[in-house]
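Using the numbering used here, read the sequence shown as starting at 1260 and increasing by one per residue. A short write-up of the structure that comes next.
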Amino acid sequence: MGDSNDNMLRYHRQMAFDEIGLAGQRALRAASALIVGVGGLGSWVAELLARSGVGRLVIADDDKVDLTNIHRQALYDQTHADENQPKVLAAADRLARINSETTVQPHQLRVDASNIAQLADRIDLIVDGTDNFHTRFIINDYSVRYSLPWVFAGVVSAEAQMMPVIPSNTACLRCVFDSPPPPCTDPTCRQAGALGPAVAAIASMQAVEALKILSGRSDAVSPFLTKIDFWTNQIQRISTAGSPDCPCCRGGQFDYLEA
Ligand SMILES: [Zn+2]
């Protein structure tokens, strides 16, 4: 596709931001991202990346829209909830209306070790839109094994955290969390609740890191684990030098991918 005025005009304000520019915008159009889960985090990131002109989005989720989703999930409305629509189909329809230049490939399934390779085929970046650490550890294994960047994020209550992972460059998730919390104590948003704007805010930060990577500006990626309590306004930036004992990025063990 050429750079006709029509298809670049919508990105005018974004290209006017020097760090993106025309070169960055062209890179975004050629780029692709796999969004694992289009719930609270993934629906916001999908919308922001489509609006920003990322060329191809692969979205995967096996869930359906219900009324308890609407307060914190972009893309969905009451009609989707009333009809109990599959999230990936509702999301794909909405994303096509937002930006018909973005190719959206929906997959109504739960990402696991058996299907991540197929979903991540010809993908430049994985975005974490999950609500559980087990899937995040599978994503992390895949990322490190195949040198594919990903952006982790999570929200419980009003507390959110976010960390980009660029293999061989930054720490990986297992450098920071040596193992997933056991499922019975894993405080997902269903048990602990989630403040809608906290989800939107950390997903926006996740999208910024994704845009840096996809526009060719990985040099600008945050080297920190960022933790924000959006209720008390406490912000922590935790330095994440890779752990020399990390079984994944140092030890070459991919326990969650091979399980
Ligand atoms: Zn590591």
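Note that beta-carbon positions come from the ideal geometry of N, C-alpha and C, so glycine has one too.
- At least one heavy atom of ligand 1 sits closer than 7 angstroms to the Cβ of S1502.
- Along the length of the stretch 1387 to 1427, whole beta strand (DSSP E) runs at least 3 residues long occupy 1409 to 1415, 1418 to 1424, reported in chain order.
- Judged by the Cβ position, A1430 qualifies as a neighbour of ligand 1 at the 7 angstroms threshold, a heavy atom of the ligand being closer than this.
- Around the C-beta of L1384, 16 or more other C-beta atoms lie within 10 Å, and the residue is accordingly described as buried.
- DSSP, reduced to helix, strand and coil, places A1500 outside both helices and strands of the structure shown, so it counts as coil.
- Taking C-beta separations shorter than 8 angstroms and ignoring five residues to either side along the sequence, the partners of R1310 in its chain run I1357, N1358, following chain order.
- R1272 and S1438 have their C-alpha atoms roughly 42 angstroms apart.
- Within the model, the alpha-carbon separation for N1374 versus E1517 is close to 12 angstroms.
- C-alpha of L1268 to C-alpha of T1362: approximately 18 angstroms in a straight line.
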